[in-house]
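Student: Same order as they appear, the protein sequences are chains A and B. Counting the first sequence from 1 gives a position; our numbering is that position plus 120. Counting the second sequence from 1 gives a position; our numbering is that position plus 525. All C-beta atoms in this analysis are idealised placements derived from N, C-alpha and C, irrespective of residue type, glycine included. One structure is given below, represented as structure tokens, and several questions about it will come after.
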Amino acid sequence: MKEQPARSAPLLFTLLAVPPLAWLLLLFAAPLAVIWGYSFGENRTLIDIAITGSWANYARALKPLYLAILLKSLLFAGITTAICFIVGLPVALSIAFAGPRARLALLVAIMLPFWTNLLIRTYALMAILRTEGQINSLAGALWGTVAVPLGAGPFEPLPLINNNFAVLVGLVYVHLPFMVLPLYAALDRLDRSLIEASLDLGAGHLATLWRVVVPLALPGIVSGIIITFIPALGAYLAPDLLGGTNSQMIANIIERQFRSANDWPFGAALSFLLMYLTFIALAVQALAQRRSAAREAQG
Amino acid sequence: MPDLNRRSALSGIAAALVLDGCAKRWPKGANGEERRVNFYNWDTYTGETTLADFEKATGIEVRMSLYANNDELFARLRAGNPGFDVIVPSNEFVTRLGMSGLLQPLDHGRIPNMANLAPAFRDVPYDPGRRWSMPYTWLVLGIGYRKSKVDGVPDSWKWVLDSDRYSGRIGLFAESDDLIRLGAKYLGHSVNDVGPALMTRVTDMLIAQKRHVKLFHRDEGQDLLAAGDIDLVVEYNGDMAQVIADDDDLGFVVPREGTLINSDSLCIPAGAPRPDNAHRFINYLLDAQVSAGISQTIRYPTPNAAALALMPGEYRNNPVIFPTGPGMANSEYGRFEGIGHIRAVDEAITRMMAA
């Protein structure tokens, strides 16, 4: 029988549980409840919000104008997640099957960018992608030595920044570790003998990957997808700094409501729409986990 | 989104800790206030030694924090003054903060250097009788451009708002209100009282223009221009004056249709812990010598007549800092026009950016 910590040492348990609970209530639940209240309010003056219980903000958020931006954000987040998965799976596999020392080095390399602030990383990306940035200078130099002597025209800088392509590059760059780490955790736990058995019994590498590794790692894959998709959906730095004239995502609209538009109730309603989507995604994940647990119990 | 909230909440808490945590060890001055003043200002907006000189002269230490735009300042103060004594909002926000009860009235008796101000700045429509604010700088939006890449002087808003001539090389300001106001100005209307029909017209014009616009910048347009990312940009004269000093291929013009004038102003927020120090600091900044020292560095036009008299001709006759011509004669201040107007502008810009 499992030991019940609450029953065996109630005082210690209470002492240990109070700080995190207080933290959660005070700094997470309470502010969130206030914002949730705002989403049913309206601006009376520049600084007073009356909480009227009205659904007007949600109604406004579901107007085609905002719905289209939400759909576009879902699309951006979806493409980002797909690219992260396609790039991240081989990376996670090679980390999981690397020797212990190489594995440590690879994991550090994946986590290293986290030591730098997101804003700084985005600015660094701007420096690389911009018209007179590193990639264009390099491409320009190559063009000058190779193509121009062959009779090509002068180098036209590649349009790498201030467009949707740059936004996707930024989103994938920032969110790739979110995909790789849960994938790696799932693949690391994998029973290697199953893979050997699959290869021995005549399945090719791709078939083994698709029919053995992926199903077994499914909970990790779902976690990776969700943990990548949610922050990508709420990204605002990448579209703001790397985007062009039609790259705004839903978070940029929300940011404006809390700043220039000074419309906190509407911003709150938009935020909570994202929050509801997050809850749905988490429910789907819980379902997937339960199903895979049930399958394990059967097998 | 949760990320954004958390960050601003945390920075608020951090600021409160910094501001309050140090409170105990500050000695009090003769006026009964701690010998310090918390100054909330724009970046690169004081002289190189201004703050240190004030401390030398008065024994009051200036602690400066920075904000990026008026909206950030307003959002911060609306949640409660975290301990700032002096702030520098632009004209329209002086009105907004004043009517929201977020400012303290100034005691003109404690600001004798007000006499240094040019007559045009002693009384202004956005702050009748200068009840809330003292002018620090004034500024105008215009077009910054790279001379070698543009034909002649682009002296109309047409070249950035309504033309494909410089397609793909244009940078517009990401301030939604300014975009609508300048669009209205280009169409021959005032920057104020833009009704729904005109706003739709301006928005449609911007939507059509968008495919020729390379980017919307956040007041770093002068750097994007200097870096060669764009060849025309809507920017402030002071920002352009700073980069033109290093690159004479850059120019600045106030379009002939006229533009939006702004004036950044010194105010004391409501709940400022050290109002007397704040008055002394504001009075110090309006001193002729001090103000001239600031203008020397920041290269924005000064509303301080006594300081202007001390400045070299290179500043006083600089056509970027003090633009002349038909554009200036047609220029106006933007007025605060109510909550409904802010919402309409935001929705217009959302529509434009989504198109």
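1) Taking Cβ-Cβ distances below 8 Å as the criterion, which residues of the segment 159-181 of chain A are in contact with chain B?
2) PRO139/A to LEU132/A, Cα distance in whole Å?
3) Would TYR186/A pass as an interface residue toward chain B - the criterion being a Cβ-Cβ separation below 9 Å?
4) Let me check understanding here. Comparing Cα to Cα, which of ALA803/B, SER788/B and ILE786/B lies closest to PRO794/B?
5) Identify whether LEU791/B lies in helix, strand or coil by the three-state DSSP scheme.
6) Does the separation of the CB atoms of MET246/A and LEU326/A fall below 9 Å?
7) Nearest to PRO335/A by CA position, among ARG376/A, GLU416/A and VAL292/A, is which residue?
8) Determine the direct distance from the alpha carbon of VAL611/B to that of ALA548/B, and round the result to whole angstroms.
9) In chain A, what lies closer than 7 Å to GLU862/B by C-beta?
10) Along chain A, in chain order, which residues have C-beta atoms closer than 8 Å to that of ASP871/B?
11) Does DSSP put GLY776/B in a helix, a strand or coil?
12) What residues from chain B crowd round ILE373/A, counting only those whose CB sits closer than 8 Å?
13) Which term fits TRP657/B, buried or exposed, when burial requires 16 or more other beta carbons within 10 angstroms of its beta carbon?
14) Identify the continuous alpha helix (DSSP H) that holds ASN237/A and give its terminal residues.
15) Would you please state the rounded distance, in angstroms, between the beta carbons of LEU288/A and ILE373/A? I believe it to be under 8 Å.
16) Compute the distance between the beta-carbons of SER318/A and ARG331/A, then report whether it is under 9 Å.
17) Can you name the residues of chain B whose CB is closer than 9 Å to the CB of GLU316/A?
18) Could you give the first and the last residue of the continuous alpha helix (DSSP H) run that contains PRO151/A?
19) Unbroken beta strand (DSSP E) runs of length 3 or more, entirely within the segment 667-751 of chain B: which are they?
20) Closest Cβ-Cβ distance between ALA803/B and chain A: below 9 Å?
21) Report the three-state DSSP secondary structure of ASN382/A (helix, strand or coil).
22) Closer than 8 Å, Cβ to any Cβ of chain B: which residues of the segment 237-252 of chain A, in chain order?
23) Rounded to the nearest angstrom, how far is the Cβ of THR348/A from that of THR236/A, given a contact under 8 Å?
24) Since LEU642/B contacts MET877/B with CB under 8 Å, what's their CB separation in whole angstroms?
25) Closer than 9 Å, CB to CB, is ALA879/B near chain A or not?
26) Identify the residues that DSSP records as bridge partners of ARG561/B: which are they?
27) Cβ of PHE698/B less than 9 Å from any chain A Cβ?
28) Have a look at ASN855/B and ALA150/A and give me their C-alpha separation to the nearest angstrom.
29) Using a C-beta to C-beta distance shorter than 7 Å, which residues of chain A count as neighbours of ILE867/B?
30) Determine, using beta carbons only, whether SER159/A and ALA337/A come nearer to each other than 9 Å.
31) Identify, in the order they occur along the chain, each residue of the same chain with its Cβ nearer than 7 Å to the Cβ of GLY173/A, setting aside the five sequence neighbours on each side.
32) Using beta-carbon positions only, say whether LEU302/A and MET231/A come within less than 9 Å of one another.
33) Do ALA355/A and ALA197/A have their CB atoms nearer than 9 Å?
34) Is it a yes or a no for the segment 650-664 of chain B touching the segment 679-699 of chain B, going by three-plus beta-carbon pairs under 8 Å?
35) At a CB distance below 8 Å, what residues from the segment 757-770 of chain B approach chain A? Give them in sequence order.
36) Have a look at ARG531/B and PHE609/B and give me their C-alpha separation to the nearest angstrom.
Tutor: The structure says:
1) Within the segment 159-181 of chain A, the residues whose Cβ lies closer than 8 Å to some Cβ of chain B are ASN163, THR165, LEU166 and ILE167, listed in chain order.
2) So the two alpha carbons sit approximately 12 Å from each other.
3) For TYR186/A, the answer is yes, since a Cβ of chain B falls inside 9 Å of its Cβ.
4) Nearest option by C-alpha distance: ALA803/B.
5) Note: LEU791/B maps to strand in three-state DSSP.
6) Not in contact: MET246/A and LEU326/A (Cβ atoms no closer than 9 Å).
7) Of the candidates ARG376/A, GLU416/A and VAL292/A, the one whose C-alpha sits nearest the C-alpha of PRO335/A is GLU416/A.
8) Model confidence at ALA548/B stands at a pLDDT of 49, short of 50, so the residue's coordinates are unreliable; what they give is reported in the following sentence. Rounded to whole angstroms, ALA548/B to VAL611/B spans 17 Å at the Cα level.
9) Near GLU862/B there are no residues of chain A at all, since even the closest Cβ is about 12 Å away, more than 7 Å.
10) Correct list: ARG376, GLN377, SER380, ALA381 and ASP383.
11) When secondary structure is reduced to three states using DSSP, GLY776/B falls in the strand class.
12) THR875, listed in chain order.
13) Classification of TRP657/B: buried, given that the 10 Å Cβ count is 16 or more.
14) Per DSSP, ASN237/A lies in no alpha helix (DSSP H) segment and is marked neither H nor E.
15) Distance from LEU288/A to ILE373/A at the Cβ level is roughly 19 Å; contact not present, criterion being Cβ atoms closer than 8 Å.
16) For SER318/A and ARG331/A, yes; Cβs fall inside 9 Å.
17) Ordered by position in chain B, no residue passes the 9 Å Cβ test against GLU316/A, which lies about 43 Å from the chain.
18) The continuous alpha helix (DSSP H) containing PRO151/A extends over residues 150-158.
19) Runs found: 695-698 and 738-742.
20) Chain A places no beta carbon closer than 9 Å to that of ALA803/B, leaving this residue out of the contacts.
21) Three-state result, ASN382/A: coil.
22) Residues passing the 8 Å Cβ filter: ARG250, THR251 and GLU252.
23) Contact between THR348/A and THR236/A does not hold, since the beta-carbon distance rounds to 19 Å and is not under 8 Å.
24) By a beta-carbon distance limit of 8 Å, LEU642/B does not contact MET877/B. Their separation comes to about 39 Å.
25) Yes, because at least one Cβ of chain A sits closer than 9 Å to the Cβ of ALA879/B.
26) Its beta-bridge partners are GLU586/B.
27) Chain A places no beta carbon closer than 9 Å to that of PHE698/B, leaving this residue out of the contacts.
28) For the pair ASN855/B and ALA150/A, the Cα-to-Cα distance works out to about 51 Å.
29) Going along chain A in sequence order, the residues near ILE867/B (Cβ under 7 Å) are ALA381 and ASN382.
30) The answer is no: Cβ separation not under 9 Å.
31) Here the set comprises PHE160.
32) The amino acid at residue 302/A is misidentified as Leu; the sequence shows Pro. Going by beta carbons, PRO302/A and MET231/A fall outside the 9 Å limit.
33) With contacts defined by Cβ atoms closer than 9 Å, ALA355/A and ALA197/A form a contacting pair.
34) The segment 650-664 of chain B makes no contact with the segment 679-699 of chain B, as fewer than three CB pairs between them are under 8 Å.
35) Only those residues of the segment 757-770 of chain B whose C-beta falls short of 8 Å from the nearest C-beta of chain A would be listed, and there are none.
36) Interpretation of ARG531/B is limited by its pLDDT of 38, a score under 50 that renders its predicted location unreliable; no figure is taken from the coordinates.
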